[in-house]
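Residue numbers (the numbering used here): 6 to 110. What follows is a single structure, written as structure tokens, with notes after it.
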């Protein structure tokens with residue numbers, strides 16, 4: 006829960022560190038990442054349409070890593086499908102790219 010709060014911080018250094026920590030958690034403790042996935046995914050997806058690259062790019066990298074490598078498909082697919090209905094075009098585009106990456110690997 007604390008990582009989801011840090012991801013919503015407006016300071017790019019805090020967001021970058023939180024995203025790095027989330028990625029490491031996904032690699033080292035995928036079950037823990039799956040438990041927090043709902044809240045983390047929602048917070049990270051909102052950052053895909055932030056105009057500051059220093060915030061947007063780490064969030065996109067983190068989301069892509071979680072979706073492709075860390076979370077089980079039973080957890081990832083519902084999150085991505087829910088994200089596909091986001092009102093922001095950048096978020097929907099990210100979700101579609103992530104789905105395409107999962108389906109082609």
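Where is the CB? At the ideal position from N, CA and C, for every residue including glycine. All values reported here derive from a predicted model rather than from experimental measurement.
- Residue ranges of uninterrupted alpha helix (DSSP H) with 4 or more members, entirely inside the segment 40 to 78 and ordered along the chain, are 58 to 70.
- Rounded to whole angstroms, the Cβ separation of residue 49 and residue 68 is 5 Å, and the two are in contact under 8 Å.
- Here residue 21 carries a helix assignment [DSSP, helix/strand/coil].
- Residue burial annotation: residue 63 is buried, with at least 16 other C-beta atoms found within 10 angstroms of its C-beta.
- The C-beta of residue 110 has fewer than 16 other C-beta atoms within 10 Å across all chains shown, which makes the residue exposed.
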